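Following the working numbering, the numbering of the sequence shown begins with 169 at its first residue and continues without gaps. See below for the structure under consideration.
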Amino acid sequence: LLLSLTVYILLNALMYFMQAQFIFFPVKLSDDYSFAEFPNAEEVFLSVDEERLHALYFKVEHPKGTILYFHGNSGAVDTWAWEAEDFTKRGYNLLMPDFRAYGKSTGQIDFKAFSTDAKHWYDYLRQTIDPASLLLVGRSLGTGIASELASKVAAKMLILETPYWTMADVAKTKMPFLAVDWLLKYNFRNDIYLAKINCPIYILHGTKDELIPYKQAARLKKLLKNKDKFFSIPNGGHNNLAEFTDYQKALDEII
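Here it is in structure tokens:
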């Protein structure tokens with residue numbers, strides 16, 4: 169019994185002190201890295217708290233609106249940039265920032281900075297764009313960031329792809345034997361923000377998502393209003409929704 173208790177305490181301690189390494193998988197890009205595959209993308213930099221934040225800005229002719237897109241927990245904008253095509257081909261500009269410590273963004277991963285930096289990017293777009301033309305999109309990890317922002321600012325709509333109820337719930341599916349609720353320092357959430365959002369909300373989730381279980385996203389349905397909509401993508405996984413006709417049809421309906 170003592171040995172089991174010791175092991176349990178050690179596992180919880182490991183989870184607490186190493187959780188950033190379990191959640192975030194940033195890839196750094198050199199300052200001279202060129203996004204040759206995306207000739208229409210403009211690099212944008214913001215200075216915040218003596219750190220440099222970086223984003224790619226995809227622009228189209230005669231845009232219907234502009235999207236602020238928050239990506240997932242791994243990689244950097246060089247790999248996520250391919251996701252922009254589903255929106256630019258439908259006539260939208262899209263700004264995709266990297267989080268601190270990702271890509272060309274400097275600094276360290278900081279839970280509070282995810283939300284404050286999101287607001288800085290929103291303010292950057294608001295200098296020239298009316299909120300009636302500004303769409304917020306979150307993917308995976310980025311859904312909680314987008315939801316929190318949408319609860320505080322004006323936007324045309326919020327689109328969540330592969331969202332979670334809370335990050336703690338995701339962690340529990342992977343480590344059900346640990347005291348996740350007590351230990352998690354990075355508990356991104358959608359559950360507490362959706363009811364506070366005034367703009368329309370659209371959720372897309374694959375029924376066979378292997379990372380964030382479909383049932384977690386389905387729980388969010390009860391928080392949606394009449395003007396909101398939940399799209400189930402049959403057989404869709406976590407990283408392949410764009411390959412499914414049902415996903416493309418859903419985007420056509422939404423935007």
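Even for Gly, the Cβ is constructed at its ideal location relative to N, Cα and C. It should be emphasised that the depicted structure is a prediction, and the values quoted were computed from it without experimental measurement.
Asked: For L224 versus F213, is the C-beta spacing smaller than 8 Å?; Found: no
Asked: Let me know the secondary structure DSSP gives H406 once reduced to three states.; Found: coil
Asked: Which partner residues does I371 have in the DSSP bridge list?; Found: L328 and F398
Asked: What's the gap between the Cα of M151 and the Cα of L178?; Found: Past the edges of the chain, shown from 169 to 423, lies residue 151, and the structure says nothing about it.
Asked: Just how far apart, CA to CA, sit L424 and E211?; Found: For the chain, the structure presents residues 169 to 423; residue 424 sits outside this window and is missing.
Asked: With burial defined as no fewer than 16 other Cβ atoms inside 10 Å of the residue's Cβ, what is the status of Y201: buried or exposed?; Found: exposed
Asked: Taking all protein chains shown into account, do 16 or more other C-beta atoms lie within 10 angstroms of the C-beta of Q384, making it buried, or fewer, making it exposed?; Found: buried
Asked: Pairing CB atoms from the region 377 to 392 with CB atoms from the region 405 to 420, are three or more of them under 8 Å?; Found: yes
Asked: What residue range does the alpha helix (DSSP H) around H288 cover?; Found: F279 to R294
Asked: With distances taken from CA atoms, which of Y382, K320, G306 and R357 is nearest P299?; Found: K320
Asked: Please determine, among Y370, A209 and I191, the residue with the shortest C-alpha to C-alpha distance to A339.; Found: I191
Asked: To the nearest angstrom, how far is the alpha carbon of R307 from that of F282?; Found: 14 Å
Asked: Provide the residue(s) that pair with V305 in DSSP beta bridges, ordered along the chain.; Found: Y237 and I327
Asked: Looking at C-beta atoms only, is the number of pairs between the region 329 to 337 and the region 366 to 374 that lie closer than 8 Å three or more?; Found: yes
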